[in-house]
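Visitor: This note's numbering numbers the first residue of the sequence shown as 503 and each following residue consecutively.
This is the structure I want to talk about, given as structure tokens.
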Amino acid sequence: MTKEEALKGKSLSWLSGKGGESDVVLMSRVRLARNLKQFPFPNRADFAQLLSVRTQIEQVMPSVAQGLGEDFEALSMEELTPLERRVLVEKRLATSALAKKPQHREVLLAAGGEISLMVNEDDHLRIQCLAPGFDLDTPLEKALQVDDIIESQLDIAFDEKMGYLTAVPTNLGTGLRATVLLHLPGLVLTKNIGNVESIAPQLGLAIHSRYSDGQENYGCLYELTNQLTLGFSEKALVDNLKSAVKEIIAHERKARKALALYMKDRLEDEVWRAYGTLRYARLLTEKETLELLSWVRLGVNLRLISEAAPESFGEILLASRASFLQNLAENENMSKNEIDRLRAEQVRKALVHGQEEN
Numbered sequence: 503m504t505k506e507e508a509l510k511g512k513s514l515s516w517l518s519g520k521g522g523e524s525d526v527v528l529m530s531r532v533r534l535a536r537n538l539k540q541f542p543f544p545n546r547a548d549f550a551q552l553l554s555v556r557t558q559i560e561q562v563m564p565s566v567a568q569g570l571g572e573d574f575e576a577l578s579m580e581e582l583t584p585l586e587r588r589v590l591v592e593k594r595l596a597t598s599a600l601a602k603k604p605q606h607r608e609v610l611l612a613a614g615g616e617i618s619l620m621v622n623e624d625d626h627l628r629i630q631c632l633a634p635g636f637d638l639d640t641p642l643e644k645a646l647q648v649d650d651i652i653e654s655q656l657d658i659a660f661d662e663k664m665g666y667l668t669a670v671p672t673n674l675g676t677g678l679r680a681t682v683l684l685h686l687p688g689l690v691l692t693k694n695i696g697n698v699e700s701i702a703p704q705l706g707l708a709i710h711s712r713y714s715d716g717q718e719n720y721g722c723l724y725e726l727t728n729q730l731t732l733g734f735s736e737k738a739l740v741d742n743l744k745s746a747v748k749e750i751i752a753h754e755r756k757a758r759k760a761l762a763l764y765m766k767d768r769l770e771d772e773v774w775r776a777y778g779t780l781r782y783a784r785l786l787t788e789k790e791t792l793e794l795l796s797w798v799r800l801g802v803n804l805r806l807i808s809e810a811a812p813e814s815f816g817e818i819l820l821a822s823r824a825s826f827l828q829n830l831a832e833n834e835n836m837s838k839n840e841i842d843r844l845r846a847e848q849v850r851k852a853l854v855h856g857q858e859e860n
């Protein structure tokens, strides 16, 4: 993935609307945290040590590229503007830790962006692999493949009892964080989302809303991830998450069927009102866009509406984000009204583009 594609591209392959169980699961992600044995963690390392870590990881990248059959583009965080760094965070190509302290930090992106290596984040290396829909196996396989190649050439911090040593204690062990992004309007509208939130910790999982203004959640998008990393294999952790996701999918579909059966008229009205606003509005806030998109996506999944293509949802998610829009316009000083106008324009284009592709 080139710098131009990473910063201004309007679509992401892992938010394509494709993949298994994509009516509920938008995206699957696996991350592995690794550290080089001879250096302190990034939060305690000086610039010379951070540079040495970066240099050593860059030196093994030809082997990684050859092993995966992928070309990688290096994006130096300190060479990007603060706005460009925020765009990478919005696209999940980088984390806020990288954006806040850019010195000697970088992201190495595979051609499609589904594989990225973050250098000198909280840990020396974060290996991230993504896939559309409900597919944790592919990202896990790719992440472990990258890890094997790197470990064959670099001395990684590992303890026989504790496993992989990480800057964040909760990542000790496998260093693995597996995540799925779920669209759960059925559970939210039937007020059953609280049951999932209360049960998740008992299963060693954490669930939280993807979008929030600090007071309320919106968009019905939730991330479910493993909390446990120590004392289990990578496969066991992923299998536990997969089992929970399958249960949530079943409950979400059941809730949607109940909504379609008992409040079909209201549901259809909300869906079409939401579509009409997204299709023709000239000003849209981020919160409004995500809430309306949730209704339209639900309508498409229940076959109440066919005018919106699932492929357009990822584009609209991107178009809802302020930093992405400011960077697209090459104007960091846009007023709120200008951002809302550009957001509405991009949403309209995404809907039309999705219809044309279908």
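We treat Cβ as the ideally placed atom computed from N, Cα and C, and that holds for glycine.
For clarity, every value in this text was computed on a predicted model and none was experimentally measured.
Once DSSP output is grouped into helix, strand and coil, what is the label at Arg607?
Guide: coil
Visitor: Taking the alpha helix (DSSP H) that Ala535 falls in, what are its first and last residues?
Guide: First-last for Ala535: 527-536, but that is the beta strand (DSSP E), not the alpha helix (DSSP H).
Visitor: With DSSP as the reference, label Gly675 as helix, strand or coil.
Guide: Here Gly675 sits in strand by DSSP.
Visitor: What are the boundary residues of the alpha helix (DSSP H) that includes Met563?
Guide: 549-570
Visitor: Ala810 lies in the alpha helix (DSSP H); which residues open and close that run?
Guide: Element bounds for Ala810: n/a, residue is neither H nor E.
Visitor: Quick one: grab the DSSP three-state call for His626.
Guide: Under the three-state reduction of DSSP, His626 is assigned to coil, being neither helix nor strand.
Visitor: Tell me which residue opens and which closes the beta strand (DSSP E) that Ser461 is part of.
Guide: Nothing in the structure corresponds to residue 461, since the chain is present only between 503 and 860.
Visitor: For the alpha helix (DSSP H) containing Phe826, name the first residue and the last one.
Guide: 824-831
Visitor: Measuring CA to CA, which of Ala776, Val555, Lys789 is closest to Asp657?
Guide: Val555
Visitor: Taking only beta-carbon positions, decide if Asp650 is within less than 8 Å of chain D.
Guide: Of the protein chains in this structure there is only one, and it is not chain D.
Visitor: CA-CA distance, Met765 and Ala508?
Guide: 42 Å
Visitor: In angstroms, rounded to a whole number, what distance separates the CA positions of Gln647 and Ala810?
Guide: Distance between the alpha carbons of Gln647 and Ala810: 37 Å.
Visitor: For Arg784, which of Asn833, Ala846, Ala659, Ser700 has the nearest alpha-carbon?
Guide: Ala846
Visitor: Just the Cα atoms here: how many angstroms apart are Leu619 and Asp525?
Guide: 29 Å
Visitor: With which residues is Asp661 paired in a DSSP beta bridge?
Guide: Gly665
Visitor: Tell me the DSSP secondary structure of Glu718 in three-state form.
Guide: Three-state DSSP puts Glu718 in coil, outside helix and strand.
Visitor: Secondary structure at Leu732, three-state DSSP: helix, strand or coil?
Guide: coil
Visitor: For Val527, is the classification buried or exposed, using 16 other Cβ atoms within 10 angstroms of its Cβ as the cut-off for buried?
Guide: Val527 should be labelled buried.
Visitor: Tell me the rounded alpha-carbon separation between Ala757 and Val798.
Guide: 16 Å
Visitor: By alpha-carbon positions, which one of Val854, Asp715, Leu743 ends up nearest to Pro703?
Guide: Leu743
Visitor: Cα-Cα, which of Ala596, Phe541, Arg823, Ala659 is closest to Lys512?
Guide: Of the candidates Ala596, Phe541, Arg823, Ala659, Arg823 places its Cα closest to the Cα of Lys512.
Visitor: If we count the other Cβ atoms within 10 Å of its Cβ and call it buried at 16 or more, is Arg536 buried or exposed?
Guide: buried
Visitor: Could you check how far apart the C-beta atoms of Arg781 and Leu853 are, in whole angstroms? I think they sit under 8 Å.
Guide: 6 Å
Visitor: Based on DSSP bridge pairs, tell me the residues matched to Glu575.
Guide: Leu611
Visitor: Is the CB-CB distance between Ile841 and Leu819 below 8 Å?
Guide: no
Visitor: Using DSSP's beta-bridge definition, name the partner residues of Leu619.
Guide: Leu610, Ile629
Visitor: Closest by CA to Leu730, which one among Ala633, Met664, Gly696, Thr791?
Guide: It is Met664.
Visitor: Is Ile751 near Val698, with beta carbons less than 8 Å apart?
Guide: no
Visitor: Quick one: using the 10 Å Cβ neighbour count with 16 as the cut-off for buried, is Leu763 buried or exposed?
Guide: Of the other Cβ atoms in all chains shown, fewer than 16 fall within 10 Å of the Cβ of Leu763; this residue is therefore exposed.
Visitor: With burial defined as no fewer than 16 other Cβ atoms inside 10 Å of the residue's Cβ, what is the status of Phe884: buried or exposed?
Guide: Within the shown structure, residues of the chain are numbered from 503 to 860, placing residue 884 beyond reach of any answer.
Visitor: Quick check on DSSP: helix, strand or coil for Glu523?
Guide: In the structure shown, Glu523 sits in coil (DSSP, three-state: anything other than H, G, I, E or B).
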